[in-house]
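Chains as they are written, first to last, in our numbering: chain A, 3 to 175; chain B, 547 to 967. Note that the Cβ used here is the ideal one computed from N, Cα and C, for glycine as well.
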């Protein structure tokens, strides 16, 4: 029997309307592509598609749904760049699966848990991207712990705010 | 079996999805040569999904900004207008001076048979988006194939180069910035003319590579395009050197601050047509290099016919082919190749006092087409006129001594009258 910190009765599984399912990731991609034109450091520290992936994965609490959501959002993010398609796809697939699996076992509705989960998955995402980009595509990548920690904290802070906004779109099953 | 599949269903699907993506990635890496074509269709979907929003937001933003700045916020416009008019007057004076310098430089380029690349046609485009990732430094512009844009076209601003067109869609184009790791631009230092390759670094900086560590590079020196990449015309501003240090493999690590602010791009110019043609001066289109040289350089004038006759009578047996008995050291003042490829060498005898008439001497004479060629003619003058002595270093129009150019490969060798014929 798997160890869980929330009983099955306590876990709420949510669903989202079709426009929200399509529109929110698309909006996140748009903002991620547009805001750096005015604020160039935004792209260095924030990853809105990652936050949306984590949110949907944790809310649905279905590993398959989570990994597919992460896969689609990641591949779409890859398509906007010029690097080979699949780098963000693989990283966000892993994050989507991990976040939804964690959502089944943990109560991730409170701000503190959300902050820590987002920080941890930002680092997982960066590590997977770094490994694949360097190992498979032979891209020149440099790993920086200070940058990773700062960007992880920034994303976690933004994520907590964003998740409370996105909670409005949740529908109980 | 079914229980195993059911138990590990999530994990199996995860592995399957990851495997498919890794497979796709491997195929792209293997076919890196035409990767852009293979993945073009799916990139079009993403671009088509996102760019309409970006275009709409940029349009709304520009509209509101234009309304505010052009109709409401006009404070200080009169003073600025007056200031600009004064500035125009100053610039007109400066333009006159610069046009003279430019004309002179152009004439010199003709002499050296330089070729220039001219920017024929550009298209102004607005930046509407980016990749949203610091690992892929690209921007999207609102002009594409319909506006005549094609891959590998240069993109610049009035300040300097920005990047090159990577992918083109009907109404949108993707531009790879010079700060991206995968970009490469042929560049050179303005003063020392050292050439290198401009590349982006993983943290978004721009560096000049392939400059040997024993070269002297000053901080603050300007970097220009070298034209070696066949994308950017030669001489466009790239940026300034901000840091010089020792790099890997005997090369310098030169960091550059781009002339164009890559983090705040709003409008860019896409160079859609450039032509390469020999430099031509407006006032010297039909003149050959030798003509220009002959006009500028002083030379020994043709001898009057009477003098030539009397000289011939005095010597009695004037034979042009016979070398002079008195040694005369010729002085080569200039060698240049005219436009037809022929070369001319000016040889002037040094003014040495002569007590007996020479049988023949090599003196230049001007042909009907203006070119000066060495000929032999009897010489009787014991003291040549000082005005006929050529200066050792010819001077340019501006008065500064010009650098003596080496003789062309097919130019005639200097005639040494001392050597046995």
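Between which two residues does the beta strand (DSSP E) containing residue 734 of chain B stretch? 731 to 735
According to DSSP, is residue 87 of chain A helix, strand or coil? coil
Would residue 804 of chain B pass as an interface residue toward chain A - the criterion being a Cβ-Cβ separation below 9 Å? no
Under a three-way DSSP split, which group does residue 15 of chain A fall into? coil
From residue 46 of chain A to residue 55 of chain A, what distance separates their C-alpha atoms? 18 Å
For chain A, find out if any of its Cβ atoms is closer than 9 Å to the Cβ of residue 795 of chain B; answer yes or no. no
Proximal chain A residues relative to residue 599 of chain B, where beta-carbon distance stays under 7 Å: 32
Can you give me the Cβ contacts of residue 715 of chain B inside the same chain, cut-off strictly under 8 Å, excluding the 5 residues immediately before and after it? 590, 593, 594, 690 and 691
Would you say the stretch 116 to 129 of chain A touches the stretch 155 to 164 of chain A, given that touching needs at least three Cβ pairs under 8 Å? yes
May I ask you to list, following chain order, the residues of the stretch 15 to 26 of chain A that have a beta carbon less than 7 Å from some beta carbon of chain B? none
Cut-off 8 Å between Cβ atoms - residues of its own chain near residue 792 of chain B, not counting five sequence neighbours on either side: 759, 798 and 799
Have a look at A:53, A:75 and A:86 and flag the residue whose alpha-carbon is nearest the alpha-carbon of residue 682 of chain B. A:86
Name the chain B residues that come within less than 8 Å of residue 127 of chain A, Cβ to Cβ? The premise fails here: residue 127 of chain A is roughly 12 Å from chain B at the closest Cβ pair, so nothing lies under 8 Å.
Drop a sphere of 10 angstroms on the beta-carbon of residue 80 of chain A, count the other beta-carbons inside from all chains shown, and report buried for 16 or more, exposed for fewer. buried
Name, please, each residue of chain B whose Cβ falls closer than 7 Å to the Cβ of residue 99 of chain A. 560
Hey, does residue 706 of chain B have any beta-carbon neighbour from chain A nearer than 9 Å? no
8 Å contact criterion, which residue 95 of chain A and residue 76 of chain A should meet: CB distance rounded: 6 Å
Pairing CB atoms from the stretch 22 to 30 of chain A with CB atoms from the stretch 719 to 729 of chain B, are three or more of them under 8 Å? no
Relative to chain B, which residues along the stretch 74 to 96 of chain A have a C-beta separation below 9 Å, given in chain order? 76, 77, 78, 79, 80, 81, 82, 83, 84, 85, 86, 87, 88, 89, 90, 91, 92, 95 and 96
Straight-line gap, residue 596 of chain B to residue 37 of chain A (C-alpha atoms, nearest Å): 13 Å
With 9 Å set as the bound, which would you pick, yes or no: does the beta-carbon of residue 45 of chain A sit closer than that to a beta-carbon of chain B? yes
Does the Cβ-Cβ distance between residue 669 of chain B and residue 816 of chain B come in under 9 Å? yes
Output needed in chain order: residues of the stretch 131 to 147 of chain A with a Cβ under 9 Å from some Cβ in chain B. 131, 134, 135, 138, 139, 140, 141, 142, 143, 144 and 146
In chain order, what residues of the same chain have a beta carbon less than 8 Å from the beta carbon of residue 813 of chain B, not counting five sequence neighbours either side? 670, 671, 672, 673 and 703
For residue 772 of chain B versus residue 732 of chain B, is the C-beta spacing smaller than 9 Å? yes
For residue 104 of chain A, decide whether its Cβ has a neighbour in chain B, counting only Cβ atoms nearer than 9 Å. no
Among A:93, A:31, A:32 and A:49, which has the Cα closest to the Cα of residue 126 of chain A? A:93
List the DSSP bridge partners of residue 741 of chain B. B:734
Note down, in chain order, all residues in the stretch 676 to 709 of chain B with a beta-carbon under 7 Å from any beta-carbon belonging to chain E. Going by chain labels, chain E is absent from the structure shown, which instead holds the protein chains A and B.
Buried or exposed by the 16-neighbour rule on C-beta atoms within 10 Å, applied to residue 700 of chain B: buried
Give the straight-line distance between the Cα atoms of residue 551 of chain B and residue 561 of chain B, rounded to the nearest whole angstrom. 13 Å
Are residue 789 of chain B and residue 765 of chain B close, meaning C-beta to C-beta below 9 Å? yes
Residue closest to residue 142 of chain A, alpha-carbon to alpha-carbon, out of B:621, B:745 and B:819: B:745
Delimiting residues of the alpha helix (DSSP H) encompassing residue 798 of chain B: Element bounds for residue 798 of chain B: not the alpha helix (DSSP H) but the beta strand (DSSP E), 798 to 804.
Using only the alpha-carbon positions, how far apart do residue 144 of chain A and residue 615 of chain B sit? 44 Å
I think residue 571 of chain B touches residue 88 of chain A, with their Cβ atoms under 8 Å apart; what is that distance to the nearest whole Å? 4 Å
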